[in-house]
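A.B. asks: Numbering (my numbering), first residue to last: 3 to 136.
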Amino acid sequence: MSTCRIGVTGHRTFDNLLGTQRQVDNVIATLASDGGMVEVWTSPAEGADRVVTERVLAARPSAQVHVVLPLDVDDYCSDFATTESVDAFRRLLNRAASVKVMQHPALTSAVTATAIDLDIGAPRPQAVEFSSRR
C-alpha cells in the first residue's frame, strides 16, 4: 500500500460550500482508493485548507495531519474572523501529527530593511529593490 499525501491551500470563501465538500469527498475517494495511509499537509486556515482537512479526517479518521504555518500560532489565529474559527483551528492543530512554524530570518530582515528605508524617505522602488537583494 502507498501513502497518499494531499497538500492544500486555497480560498477562504466559496459560493457553494456543500458542492465544494462533495467535490473534495470525490477527490479523496479517488486518491485514497487503495486503502493506504493518507496524509494531509496544510495550514488549516478558514476556507479551503480547513474544508479539505476536515473532509479527509471524516473519510479517513486514521489520516495524519501535518500543519505548516507561516507565522506563530497566535499571530496566525489573529486573522480568523470568529472565536469559533480559532477553536476549529486549534482542534485541528491538537489533532496534528506534526506542526512546523516556518522561520524566515532573511525575509524578516528584508521586510525590516524595507520598512526602515521607507521610514527614512527612500523611494518605494529602491526599498523593494533593496529587500530583494538580501
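In this text, a Cβ means the ideal position worked out from N, Cα and C, and glycines have one as well.
Are the segment 63-81 and the segment 89-106 in contact at 8 Å, needing three or more beta carbon pairs?
C.D. replies: Result yes; three or more Cβ-Cβ pairs closer than 8 Å.
A.B. asks: From the DSSP output, which residues share a beta bridge with residue 69?
C.D. replies: Indexing the sequence shown from 1 puts residue 69 at position 67. 44, 101.
A.B. asks: Between the segment 8-26 and the segment 43-56, do three or more beta carbon pairs fall short of 8 Å?
C.D. replies: Contact holds: three or more Cβ-Cβ distances are below 8 Å.
A.B. asks: Have a look at the DSSP bridge pairing and note the partners of residue 9.
C.D. replies: The residue given as residue 9 occupies position 7 in the sequence shown. Answer is 43, bridged to residue 9.
A.B. asks: Going by beta carbon distance, what residues of the same chain come within less than 8 Å of residue 13, once the five residues before and after it are set aside?
C.D. replies: Walking along the sequence shown from the start, residue 13 turns up at place 11. So the list reads 49, 50, once near-sequence residues are dropped.
A.B. asks: From 16, 38, 18, pick the residue whose C-alpha is nearest to that of residue 6; which is it?
C.D. replies: Residue mapping note: residue 6 aligns to position 4 of the sequence shown, counting from 1. Residue 38 is the option with its Cα nearest to residue 6.
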